[in-house]
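Reading through the structure tokens given below for one structure.
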Amino acid sequence: EFFKAERGFVLIWDEKKKALAMKATKNITNDQSRLKGTISDTITQRCLEKGELIIVSDALIDPTFLAIQSVVEMAIRSILCIPLVVNEKKLGVIYLDHLTKTNVFKKSDLFLFRTFGEILSNQMRNTLKYEEVLSRVLI
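For the sequence shown, our numbering assigns the number 531 to the initial residue and increments by one for each residue that follows.
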């Protein structure tokens, strides 16, 4: 609600599969989330690989994003993709979009988006460390 996105996804890097795995969704059913073409893999991969926030006001008029087939096919208008990175370790991405509204995510909010990504990344790192310690104790 805070980010005014129509849809939202949290994707976590799966080291075994060497791919992003969907962990949480907003405004999409579990069956839909398994379908190829639910989100732009190109954008999520670019965000993860470069470790840079991607913000698009209107993907259907931006030449960079018009070249991405999934963006055009799904008619995605506004996009925000936040990398989840701690100490250069890539944990995943948060992907938010809006299929009908433009300018949902504003460049003036970049600081807020980055801060949110950093807080979530640190929380994930702590959770992963806890799970690692717990698995050692239980073995």
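Every residue gets a Cβ at the ideal spot worked out from N, C-alpha and C, and that includes glycine.
| said: Going by C-alpha to C-alpha distance, which of Lys636, Met654 and Val615 sits closest to Arg607? | reply: Lys636
| field | Whole-angstrom distance between Leu668 and Glu579, CA atom to CA atom | value | 34 Å
| message | Count Cβ pairs between the region 544–551 and the region 584–601 that sit closer than 8 Å; are there 3 or more? | response | no
| query | Which residues mark the beginning and the end of the beta strand (DSSP E) in which Arg537 is found? | reply | Arg537 to Asp544
| request: Spell out a yes or no on whether the region 621–637 and the region 571–589 are touching, meaning 3 or more CB-CB pairs, one atom from each, closer than 8 Å. | output: yes
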